[in-house]
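Undergrad: First residue of the sequence shown: 483, per this note's numbering; consecutive thereafter.
All residues carry an ideal CB built from backbone N, CA and C; glycine is no exception.
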Amino acid sequence: TSADQVLQYTTDHVVGKMGFNDCVIYLWDEDSQRLIQHSALGYKKADDGSLQNALSLQLGEGIVGRAAQHLKTVVVNDLSIDAGYIKDIQEAASELAIPIIHANDLIGVLDSESQIKDFYTQDRVNILTTVTAMLSAKLAQTKLIAQLEKSIFKKYSSILPRSPMRVKAFLIYMEKFMP
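1. Roughly how many angstroms separate the alpha carbons of Asp425 and Gln597, rounded to a whole number?
2. Taking C-beta to C-beta, are Val557 and Leu578 nearer than 8 Å?
3. Note down the Cα distance separating Lys569 from Lys632, rounded to an integer number of angstroms.
4. Does the beta-carbon of Gly590 have 16 or more other beta-carbons within 10 angstroms, so that it is buried, or is it exposed?
5. What is the DSSP secondary structure of Gly566, counted as helix, strand or coil?
6. Would you mind sorting Lys526 into buried or exposed? The rule is 16 or more other CB atoms within 10 Å of its CB.
7. Span of the beta strand (DSSP E) holding Lys511?
Here it is as structure tokens:
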């Protein structure tokens with residue numbers, strides 16, 4: 483399972499099935515020091531599955547950047563009074579940004595917007611906070627598996643020069659038993 487598959491599954495099959503109309507997942511890019519949109523549900527997603535107007539934000543920029551910078555959930559239930567709001571393709575009335583954190587490190591931000599003021603009740607915040615915690619764990623696991631695969635292949639490539647598929651098969655087998 484790749485990180486992109488995890489992100490797309492989260493937006494489409496988890497958040498989307500919970501009645502939310504909009505969700506964008508940003509990932510933190512260490513090299514560029516920016517949050518980059520990677521997956522979306524709602525108006526951001528084109529018919530072909532790609533992102534429309536994919537944004538890239540600095541820490542502290544907009545509500546998403548604020549959540550990432552302070553590693554804290556940001557709820558703005560009336561965007562008309564928040565000077566930090568960055569309008570994307572469509573104007574929204576409220577926004578929720580939850581940092582995706584693993585081992586005290588920023589992975590990204592799960593962001594949801596609504597056309598309804600005061601949409602993000604404590605129950606909705608709790609639901610998406612739980613989703614974000616599960617997403618964080620799965621992304622960390624996916625990253626670890628990719629690192630393990632690379633390490634195993636590098637270490638044993640001289641022994642198994644024609645067997646990268648055996649390594650992949652082993653990792654797929656092991657993934658079934660990893661929590």
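TA: The relevant details are as follows:
1. No answer is possible for residue 425: the residues shown for the chain start at 483 and end at 661.
2. Within the sequence shown, numbered from 1, the residue matching residue 557 stands at position 75. Within the sequence shown, numbered from 1, the residue matching residue 578 stands at position 96. Result yes, Cβ atoms of Val557 and Leu578 sit closer than 8 Å.
3. Taking the first residue of the sequence shown as 1, we reach residue 569 at position 87. Taking the first residue of the sequence shown as 1, we reach residue 632 at position 150. Going from the Cα of Lys569 to the Cα of Lys632 covers about 40 Å.
4. Stepping through the sequence shown from its first residue, residue 590 is reached at position 108. Buried, by the Cβ-count rule.
5. Against the sequence shown, residue 566 aligns to sequence position 84. Gly566 falls in the coil class under three-state DSSP.
6. For the purposes of this step, residue 526 is taken as residue 44 along the sequence shown, with counting starting at 1. Classification for Lys526: buried.
7. Taking the first residue of the sequence shown as 1, we reach residue 511 at position 29. Note on residue identity: the sequence assigns Asp, not Lys, to residue 511. Counting along the chain, the beta strand (DSSP E) containing Asp511 begins and ends at Cys505 to Asp511.
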